[in-house]
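Please read the structure below before turning to the comments.
In our numbering, the protein residues as written are 4 to 127.
Put into structure tokens, the structure is as follows:
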């Protein structure tokens with residue numbers, strides 16, 4: 004099992020990574036962030052993406068999709084990918100990993116795979 008700092012550092016090794024955050028979607032607060040800060044303010048992104056996660060959770064509830072879980076939420080921009088992965092472990096309930104990627108330097112399929120692996124080893 005990896006601690007938060009190790010997991011964030013590992014996420015930043017994903018090809019094209021701009022920044023990463025572990026976010027509490029109850030409060031919208033980032034519990035940890037890592038990135039250069041030049042392209043994106045990770046604390047603002049954490050708060051803004053909290054609204055997105057909450058809206059998707061409400062939509063799933065309204066659609067009675069109780070047996071399904073969100074693997075990840077993807078926002079594609081012309082120059083970036085924003086990947087949101089709610090944690091599924093019991094200690095990670097109410098948290099999500101947020102990863103911003105430079106679209107031209109990343110492989111989305113590999114990034115999703117690596118973020119899933121990081122989530123599975125993250126000890127919160």
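Beta carbons are placed, not taken as given, at the ideal position from N, Cα and C, and that holds for glycine.
Exposure label - residue i; buried when at least 16 CB within 10 Å
i, result
"residue 85", "buried"
"residue 62", "exposed"
"residue 33", "buried"
"residue 107", "exposed"
"residue 82", "exposed"
"residue 3", "Here the chain has residues from 4 to 127 only, and residue 3 is not among them."
Contacting residues, own chain, Cβ-Cβ under 8 Å from residue i (five flanking each side not counted)
i, result
"residue 91", "72, 122"
Proximity test, residue i beta-carbon vs the ligand GDP heavy atom, cut-off 7 Å
i, result
"residue 104", "Annotation note on the ligand GDP: not contained in the displayed structure, which lists no ligands."
Among the options, nearest to residue i - alpha-carbon criterion
i, options, result
"residue 74", "99, 8, 26", "99"
"residue 23", "5, 12, 58", "12"
"residue 54", "21, 127, 26", "26"
"residue 70", "50, 79, 60", "60"
Sequence-distant residues of the same chain with beta carbon closer than 6 Å to residue i, five excluded per side
i, result
"residue 10", "121, 125"
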